[in-house]
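The listed protein sequences derive, respectively, from chains A and B. Here the first sequence is numbered in the working numbering, starting from 1 and rising by one per residue. Here the second sequence is numbered in the working numbering, starting from 1001 and rising by one per residue. Ideal Cβ placement from N, Cα and C applies to all residues, glycine included. Small disclaimer: the values here were computed from a predicted structure and weren't measured.
2 protein chains.
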Amino acid sequence: MGIDAAATRNRILDAAERLFGERGFAGTSLRAVTTTARVNVASIYYHFESKEGLLRAVARRAMASVSEERHRLLDELCTRGDPGVEELVRAFVVTGADLVRRQGERGEHVARFIGRVLCEPGPEVRRLFAAEVGHVEGRYLDALTKALPGLPAGEVAFRYRTMVGVLALHQMDALADLAPPGHGDDIWAGRGDDTERLIAALTGIFLAPQAPAVPS
Amino acid sequence: MGIDAAATRNRILDAAERLFGERGFAGTSLRAVTTTARVNVASIYYHFESKEGLLRAVARRAMASVSEERHRLLDELCTRGDPGVEELVRAFVVTGADLVRRQGERGEHVARFIGRVLCEPGPEVRRLFAAEVGHVEGRYLDALTKALPGLPAGEVAFRYRTMVGVLALHQMDALADLAPPGHGDDIWAGRGDDTERLIAALTGIFLAPQAPAVPS
DNA sequence: GTCTATACGAAGATAGAC
DNA sequence: GTCTATCTTCGTATAGAC
Chain A
1 MGIDAAATRN
11 RILDAAERLF
21 GERGFAGTSL
31 RAVTTTARVN
41 VASIYYHFES
51 KEGLLRAVAR
61 RAMASVSEER
71 HRLLDELCTR
81 GDPGVEELVR
91 AFVVTGADLV
101 RRQGERGEHV
111 ARFIGRVLCE
121 PGPEVRRLFA
131 AEVGHVEGRY
141 LDALTKALPG
151 LPAGEVAFRY
161 RTMVGVLALH
171 QMDALADLAP
181 PGHGDDIWAG
191 RGDDTERLIA
201 ALTGIFLAPQ
211 APAVPS
Chain B
1001 MGIDAAATRN
1011 RILDAAERLF
1021 GERGFAGTSL
1031 RAVTTTARVN
1041 VASIYYHFES
1051 KEGLLRAVAR
1061 RAMASVSEER
1071 HRLLDELCTR
1081 GDPGVEELVR
1091 AFVVTGADLV
1101 RRQGERGEHV
1111 ARFIGRVLCE
1121 PGPEVRRLFA
1131 AEVGHVEGRY
1141 LDALTKALPG
1151 LPAGEVAFRY
1161 RTMVGVLALH
1171 QMDALADLAP
1181 PGHGDDIWAG
1191 RGDDTERLIA
1201 ALTGIFLAPQ
1211 APAVPS
């Protein structure tokens, strides 16, 4: 693969990452991608085989960015001894902002894209996501479990996934839109920097007492 | 509007509710809707003006079902004096299960649909959602604020919306899919009845201490 | 008021020249 | 590797029959 081939591939990935994030997968046509990437429709099929192949490639790249960032933040945190719950949550939440700081605009696209991918398409992509970020997830789960003695690992995992979901929605601004016209505008500004309240709320998830066992 | 016209209308609404919930809005073609509803393509345009009009109609009907259920549960709760945080969260979460119990399969469709609608399309539909369920939201916010003295109304609203988001993801099984192959299958069964752990986690959100003010 | 038939464009995908 | 041309299918929407 020549240098310009790689460049083409990357332009396609960049465009798709942004558009999928903004309009969703089903809502984005390949033609929209090729237009903003200034490439031919056929080149997508050459490089990625199909629209879904493109999605997978974008997803893998985006996850890789996030995973890398998460690993870095976690490493940093662990040099100062076993981190507490809130520190772990903070590191997790801050990843997005950190990505923006390090990668500029692309960081936002990555965050949006991941938010979308997490709730839009079929389960397949979510499972790809799960497989791709498995390593970091494992480290986080271990650290959280250690920080939360008395809470079974299964419970920690459940709450971890809840956190992932909340962060995804937050990253695509889905929560801010829920403010109702009459009641909410004044009591919740929305769109501000909600990082701190987000961290507080998510930490609360982990610190909640264990649910009573259900007979099932 | 004749009796069979209303029947056609309802068949369309039922089909759309289910399909939008399963495949998303952009991912569902009108042809798919008309096929499962056994009606002609034109009848959609006759009854709903456009695809988006159909979405709005489906959304309104679904919200109405949920709102009604929520009001009922909240009424019931308030007859026994001022409810606590956990009781409120439980009533909120249980609505989905209750809807299934009362409406059968349709309850599941409604839940899925609302989950989708909440995170898929543009902000417009989310705002429609917000407007439509505004009344119940107001009552819940009031009750929660009363149950949480010391937590500013804005903070309660933020956390309430976080709860709505988590429930939406949960209702479309988005969270269960995140279990990674190697690590999670054993420690979190997924797909079980997670109602109790969900209630515990969400209650934790509200009981978390307030975040320190951010300079902004 | 409701359905049949169909127009029209856009979508995903491919073959083959360069 | 990249682009042109084209195929097929599907989606939205309408005009007109009943």
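Alpha helix (DSSP H) segment containing residue i, residue limits
i: A/Met163; result: Ala153 to Gln171
i: B/Ala1143; result: Gly1134 to Ala1147
i: B/Glu1196; result: Thr1195 to Leu1207
i: B/Ala1026; result: From DSSP, B/Ala1026 is part of no alpha helix (DSSP H); its letter is neither H nor E.
i: A/Gly107; result: Glu105 to Cys119
C-alpha gap between residue i and residue j, whole angstroms
i: B/Leu1169; j: A/Ala131; result: 19 Å
i: A/Asp98; j: A/Glu69; result: 8 Å
i: A/Ala7; j: B/Glu1017; result: 43 Å
i: A/Ser67; j: B/Arg1090; result: 35 Å
i: A/Arg101; j: A/Leu13; result: 20 Å
i: B/Asp1194; j: A/Leu144; result: 20 Å
i: A/Lys146; j: A/Cys78; result: 12 Å
i: B/Glu1196; j: A/Ala157; result: 15 Å
i: B/Tyr1045; j: B/Val1039; result: 11 Å
i: B/Arg1126; j: A/Glu52; result: 27 Å
i: A/Thr28; j: B/Ala1026; result: 9 Å
i: B/Gly1002; j: A/Glu120; result: 38 Å
i: B/Met1163; j: A/Gly81; result: 33 Å
i: B/Glu1124; j: B/Leu1118; result: 10 Å
i: A/Asp75; j: B/Arg1161; result: 32 Å
i: B/Arg1139; j: A/Gly104; result: 42 Å
i: B/Gly1084; j: B/Ala1208; result: 15 Å
i: A/Gln171; j: A/Leu54; result: 22 Å
i: A/Ala176; j: B/Ala1005; result: 39 Å
i: B/Ser1050; j: B/Arg1106; result: 24 Å
i: B/Ala1213; j: B/Ala1153; result: 14 Å
Beta-carbon contacts of residue i that lie in its chain and below 7 Å, excluding the five residues immediately before and after
i: A/Arg31; result: Val41
i: B/Leu1151; result: Gln1210
i: A/Gly184; result: In this predicted model, A/Gly184 has a pLDDT of only 46, less than 50, meaning its place in the structure is not dependable; the value taken from the coordinates is given anyway. Answer for A/Gly184: no residue qualifies.
i: A/Gly21; result: His109, Arg112, Phe113 and Arg116
i: B/Leu1128; result: Arg1056 and Ala1059
i: B/Arg1009; result: His1047
i: A/Thr34; result: Asn40, Val41 and Ile44
Neighbourhood of residue i by C-beta distance below 8 Å, restricted to the same chain and skipping five residues each side
i: A/Glu86; result: Ile199 and Thr203
i: A/Arg11; result: Ala37, Arg38 and Val39
Closest Cα partner of residue i within the set the options
i: A/Glu108; options: A/Leu19, A/Ala213 and A/Leu207; result: A/Leu19
i: B/Pro1149; options: B/Ala1057, B/Ile1044 and B/Phe1206; result: B/Phe1206
i: A/Ala15; options: A/Glu49, A/Ala62 and A/Gly2; result: A/Ala62
i: A/Ala64; options: A/Leu118, A/Val136 and A/Glu196; result: A/Val136
i: A/Gly24; options: B/Val1094, B/Arg1080, B/Leu1073 and B/Gly1122; result: B/Gly1122
i: B/Glu1155; options: A/Thr145, A/Val164 and A/Ala201; result: A/Ala201
i: B/Gly1165; options: B/Ser1050, B/Val1093, B/Thr1036 and B/Gly1138; result: B/Val1093
i: B/Leu1088; options: B/Gly1002, B/Ala1153 and B/Leu1141; result: B/Leu1141
i: A/Leu178; options: B/Arg1072, B/Gly1084, B/Gly1134 and B/Leu1178; result: B/Gly1134
i: B/Thr1095; options: B/Ser1043, B/Arg1072 and B/Ala1153; result: B/Arg1072
Same chain only: Cβ atoms within 6 Å of residue i, ignoring 5 sequence neighbours per side
i: B/Arg1159; result: Ile1205 and Phe1206
i: A/Leu167; result: none
Query raised in the report: Hey, which unbroken runs of the alpha helix (DSSP H) at 4 residues or more fall wholly within the segment 40-97 of chain A?
Result: Runs of the alpha helix (DSSP H) spanning 4 or more residues and lying entirely within the segment 40-97 of chain A occur at 41-48 and 51-78, in chain order.
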